[in-house]
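Worksheet: the structure to be examined is printed underneath.
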Amino acid sequence: MPFTIDLSGSTVVVTGGNRGIGFAMSQAVAEAGANVAILYRSHPEAEKAAESIANDYKVKAKAYKCDVGDAAQVKDVIARIEGDLGTPITGLLANAGVSVVKPAVELAPEDFHYVYNTNVLGVFNTCRELAAHFIKNGTKGSMVITSSMSADIYNQSGLNKPLTQVFYNSSKGAASNMAKALAAEWAEHGIRVNALEPGTEQTSVMEASVREYQASSIPLKRFSQPKEQAEPAVFLLSDKASYITGAAIKVDGGFTIW
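Okay, so the sequence shown: first residue is 1 according to UniProt numbering, each after it adds one.
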C-alpha cells in the first residue's frame with residue numbers, strides 16, 4: 001500500500017500562510033486534499049494566494065485578515081472558518097513570525113512587543129482557540145508550531161559575528177518550549193502539538209554576504225527550498241505522525257550538527 005498523506009474532508013488553519021514557508025505549507029496541505037484557511041495580518045496579496053491555491057489544487061481556500069496577537073480577532077475568525085469552508089478544522093500550522101534585527105543596546109520595548117505579540121502570544125492565541133474548539137467538540141487535533149533552529153543556537157552573520165536578533169531568537173526558544181508544554185497539557189484530549197525548527201531557506205531576505213557565509217556552514221551546502229520545510233510540517237500534522245507529540249524537529253540541512 002503506498003505511503004500517502006490524505007487530509008481530504010478537513011480544514012487546516014495556516015497562520016502567515018500567504019508567503020514564504022507559510023505559502024508552501026498552504027500548498028502542501030492543499031495538495032494533501034485539505035481546505036485551507038490562511039490567516040494574515042496585512043499582506044496585500046493574501047487573497048490572491050488563497051485563490052491560487054483553490055485553483056491549483058481544487059480545494060476551498062480563504063484568506064482571513066487577522067492579527068494573531070489579538071485574541072478577540074483570533075476567536076472571531078476561528079468561529080467563522082468551518083461555516084465558510086464546509087469541513088471540520090483538524091489542524092493548525094502556526095507559522096506567522098516576525099523579527100527585528102538590531103544590536104541589543106538599540107532595542108526598545110516596542111520592538112519586544114512587535115516580535116513577541118506575533119511569535120509567542122500569537123502562537124498561543126491560535127493554539128488555545130483551536131484547542132478549545134477541539135475539546136468542546138470532542139475531536140482530536142494536531143498543531144505544528146513553526147519555531148527555528150535559532151531556538152537552540154545563535155545565528156551568525158560571519159565567523160564569530162552574531163546576527164543581532166535577540167528578540168527573534170528568544171521568542172523562538174519560547175515557541176519550542178510552548179509546543180512541549182501544550183503537548184503535555186492537551187495529550188489527554190487527543191491533541192498533538194509539535195514544533196518545526198527550520199534552518200535557513202531560499203526565501204530568506206538576509207544580505208548576500210550573510211547568506212553565503214551561512215550556506216558554507218551547512219553540511220548539505222545549501223539552503224532549503226520552502227517545500228522542504230512544508231512537507232515535514234504536513235507529516236507532523238497528519239495521522240502518519242500519530243505517536244509524535246511534544247517533539248521539536250530540526251529541518252536545517254545539518255546546520256546544528258556542529
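In this text, a Cβ means the ideal position worked out from N, Cα and C, and glycines have one as well.
Residue burial classification, residue i (beta-carbon count within 10 angstroms, cutoff 16)
{"i": "aspartate 76", "result": "exposed"}
{"i": "tyrosine 154", "result": "exposed"}
{"i": "alanine 32", "result": "buried"}
{"i": "residue 269", "result": "A query on residue 269 cannot be resolved here, the shown segment of the chain reaching from 1 to 258 and no further."}
{"i": "glutamate 197", "result": "buried"}
{"i": "alanine 230", "result": "buried"}
{"i": "residue 265", "result": "The chain is shown from 1 up to 258; residue 265 falls before or after that span and cannot be answered."}
{"i": "aspartate 252", "result": "buried"}
{"i": "valine 234", "result": "buried"}
{"i": "alanine 50", "result": "buried"}
{"i": "serine 224", "result": "buried"}
{"i": "proline 232", "result": "buried"}
Contacting residues, own chain, Cβ-Cβ under 8 Å from residue i (five flanking each side not counted)
{"i": "serine 242", "result": "Arg192"}
{"i": "cysteine 127", "result": "Leu92, Ala94, Met143, Ile145, Met178, Leu182 and Val193"}
{"i": "arginine 222", "result": "Ala215 and Gly253"}
Helix, strand or coil at residue i [DSSP, three-state]
{"i": "alanine 179", "result": "helix"}
{"i": "proline 232", "result": "helix"}
{"i": "tyrosine 243", "result": "coil"}
{"i": "proline 198", "result": "strand"}
{"i": "tyrosine 64", "result": "strand"}
{"i": "alanine 34", "result": "coil"}
{"i": "valine 100", "result": "coil"}
{"i": "serine 224", "result": "strand"}
Alpha-carbon to alpha-carbon, residue j and residue i
{"i": "lysine 60", "j": "valine 144", "result": "21 Å"}
{"i": "phenylalanine 3", "j": "leucine 236", "result": "14 Å"}
{"i": "arginine 80", "j": "threonine 146", "result": "24 Å"}
{"i": "proline 103", "j": "alanine 248", "result": "28 Å"}
{"i": "threonine 245", "j": "alanine 183", "result": "6 Å"}
{"i": "valine 74", "j": "glycine 91", "result": "15 Å"}
{"i": "serine 99", "j": "lysine 58", "result": "34 Å"}
{"i": "residue 259", "j": "asparagine 137", "result": "The shown model of the chain, from 1 to 258, leaves out residue 259, and the question about it has no answer."}
{"i": "valine 123", "j": "valine 29", "result": "19 Å"}
{"i": "aspartate 56", "j": "lysine 227", "result": "16 Å"}
{"i": "cysteine 66", "j": "leucine 220", "result": "37 Å"}
{"i": "valine 115", "j": "methionine 1", "result": "45 Å"}
{"i": "glutamate 212", "j": "glycine 9", "result": "43 Å"}
{"i": "valine 166", "j": "proline 44", "result": "29 Å"}
For residue i, the nearest candidate out of the options (CA to CA)
{"i": "valine 68", "options": "Trp258, Ala104 and Leu130", "result": "Leu130"}
{"i": "alanine 215", "options": "Phe112, Ala230 and Glu201", "result": "Glu201"}
{"i": "tyrosine 40", "options": "Arg19, Asn177 and Gln165", "result": "Arg19"}
{"i": "aspartate 70", "options": "Thr118, Lys227, Arg211 and Lys250", "result": "Thr118"}
{"i": "valine 101", "options": "Ala233, Glu47, Pro162 and Gly83", "result": "Pro162"}
{"i": "tryptophan 186", "options": "Ala63, Phe167, Asp252 and His133", "result": "His133"}
{"i": "tyrosine 64", "options": "Asp56, Ser52 and Asp84", "result": "Asp84"}
{"i": "serine 142", "options": "Thr164, Ala179, Ala108 and Gln27", "result": "Ala179"}
{"i": "alanine 37", "options": "Ile5, Ile53 and Met149", "result": "Ile53"}
{"i": "leucine 107", "options": "Thr164, Glu51 and Glu197", "result": "Thr164"}
{"i": "serine 170", "options": "Gln27, Gly9 and Asp111", "result": "Asp111"}
{"i": "alanine 34", "options": "Pro109, Leu7, Glu45 and Ala49", "result": "Leu7"}
{"i": "lysine 172", "options": "Tyr213, Leu121, Thr126 and Glu207", "result": "Leu121"}
{"i": "glycine 97", "options": "Tyr168, Ala72, Ile5 and Ala46", "result": "Tyr168"}
Beta-carbon proximity list for residue i, same chain, < 7 Å, skipping 5 on both sides
{"i": "glycine 190", "result": "Lys140"}
{"i": "asparagine 95", "result": "Val14, Thr15, Gly16, Gly17, Ile21, Gly22, Met25 and Thr146"}
{"i": "serine 217", "result": "Phe255"}
{"i": "isoleucine 89", "result": "Thr11, Val13, Ile81, Glu82, Leu130 and His133"}
{"i": "alanine 174", "result": "Val120"}
{"i": "alanine 46", "result": "Asn18, Ile38, Tyr40 and Ala63"}
{"i": "isoleucine 78", "result": "Glu129, Leu130 and His133"}
{"i": "lysine 250", "result": "Met149, Glu197 and Thr256"}
Close Cβ partners of residue i (< 6 Å) along its chain, the five nearest in sequence each way excluded
{"i": "isoleucine 135", "result": "His189"}
{"i": "serine 176", "result": "Ser147, Ala151, Ala195 and Ala248"}
{"i": "asparagine 125", "result": "Val68, Ala71 and Val74"}
{"i": "serine 238", "result": "Ile5"}
{"i": "tryptophan 258", "result": "none"}
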